[in-house]
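Residue numbers (our numbering): 4 to 461. Cβ atoms here follow ideal geometry from the backbone N, Cα and C, with glycine treated the same way.
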């Protein structure tokens, strides 16, 4: 457990808007630096009321996230309830399975429950004497100039005005704090929705709580213009997510009856249907949610307000990096607090200058990976290319690391990883013109080409 630091004389009370995963982690880091923290959360305490929204997508925790959790001493507690996924298993329409490892031997991403992780972090927040947390608090107005918040207590219906010294907006993609900043001069903002929504479904546990599919893998049913994925749960079930167009000939709008849903799933996901006894019920009871990318800048208002996590850079979930990127925000802020102490002007300035290019790169990577997972992972040429990339990486480990590994199993800035990945993809396009099988990699002319490309990389 990380040490709890008594507030220093020069420490000030800080305000955190949002008590989700990133908000809770941020509060723990701020308290670690001796600051008293007041944290407001719009939703009820999920430890008492259970999930109140359909936000059950399991999260893929990878190296950046683990590093952030280690910084507040909870990595091992989370590891106890996480399931390692060593690779992807692709399911064809005919039921054939293709396995693709994520990284080197021993490298995995981890399936964790969003609600379970949030509960554990809220326990730590509540145990910390420097942090006060208030639930059911809706932010109705942020007055940036006056440094005040108008907060509505949802239980009592009473509004009150709360002053803040410094405000950290960690209140999600539809942030109230960012909403106030959007009305300031020269604030850039955009949001872009995919023409796809997602719906949560379930693969049931096998008898005696066993897993009906391989437990240590992320399962993908790629179908060209749409796909379904499944991540394992501790109870033997899998959280499934159908990513599907809102409109069109094959879309949510076309599946209007239980019979249509069953017929469609039996045609395109035949090996999954027998494992989904609640398919029709879940399909119509669970909401269809949208997928948005948010970009904005600046992330600061003077040295008084700072945006982090989805409030600054919401992304679509296809690289499994949304939570990890938000957690990395906290790691970077922690490093700047260590370096600059109470020089908030320098802390806020350097934070946004460092994180903004990386957040934009991660947004691009997430859409790129959606197209890859949806369209390419079932393509034999794509799978062959991945095998060749692994061979290059093994032969030239100091010059070649696959893009996925750079993003998922390293702490390299996202922007550098994305630039490296684009350069490597151009090299692969040149090489793959000379490769028809895995054995072709050993041909002298191919080896000469690879050596020449690696020499150019320095």
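Checklist entry - Is it true that the CB of residue 336 sits closer than 8 Å to the CB of residue 391? => result Their beta carbons are not under 8 Å apart, which means residue 391 does not touch residue 336 by this criterion.
Checklist entry - Is residue 201 closer than 8 Å to residue 249 when the C-beta atoms are compared? => result no
Next on the checklist: Buried or exposed, going by whether 16 or more other CB atoms sit within 10 Å of the CB of residue 211?
Outcome noted: So residue 211 counts as exposed.
Checklist entry - With a CB to CB cut of under 8 Å and the five nearest residues on each side skipped, what residues in its chain are close to residue 258? => result 264, 267, 286
Item to check | Bridge-paired residues (DSSP) for residue 408 | outcome: Answer is none; residue 408 lacks a bridge partner.
Checklist entry - When you compare only the Cα positions, how much space is there between residue 116 and residue 413? => result C-alpha of residue 116 to C-alpha of residue 413: approximately 23 Å in a straight line.
Item to check | 8 Å contact criterion, which residue 88 and residue 52 should meet: CB distance rounded | outcome: About 30 Å; that fails the 8 Å criterion.
Checklist entry - If residue 297 sits next to residue 316, beta carbons under 8 Å apart, how far is it from one beta carbon to the other, in whole angstroms? => result 7 Å
Next on the checklist: Can you tell me which residues form a DSSP beta bridge with residue 103?
Outcome noted: For residue 103, the pairing in a beta bridge is given by DSSP as 91.
Checklist entry - Hey, how far is the Cα of residue 32 from the Cα of residue 74? => result 8 Å
Checklist entry - Could you give the C-beta distance for residue 179 and residue 20, rounded to a whole number, given that I count them as a contact under 8 Å? => result 7 Å
Next on the checklist: If you follow the beta strand (DSSP E) that residue 222 is in, where does it begin and where does it stop?
Outcome noted: 220-225
Item to check | Residues near residue 182 in its chain [Cβ-Cβ closer than 8 Å; skip 5 each side] | outcome: 145
Item to check | Beta-carbon separation (whole angstroms), residue 369 vs residue 421, contact threshold 8 Å | outcome: About 11 Å separates the two Cβ atoms, so there is no contact after all.
Checklist entry - Taking DSSP as the reference, what is the three-state secondary structure of residue 1? => result Nothing can be reported for residue 1, as the shown portion of the chain is limited to 4 through 461.
Checklist entry - residue 447: buried (16+ other C-beta within 10 angstroms of its C-beta) or exposed? => result exposed
Next on the checklist: Relative to the C-alpha of residue 48, which candidate in 399, 95, 128 has its C-alpha closest?
Outcome noted: 128
Item to check | With 16 other Cβ atoms within 10 Å as the buried cut-off, status of residue 191 | outcome: Exposed is the call here.
Checklist entry - Taking the Cβ atom as the reference point for each residue, do residue 278 and residue 395 lie within a distance shorter than 8 Å? => result no
Item to check | Range of the contiguous alpha helix (DSSP H) that encloses residue 286 | outcome: Element bounds for residue 286: 282-288.
Checklist entry - CB residue 107 to CB residue 91, shorter than 8 Å? => result no
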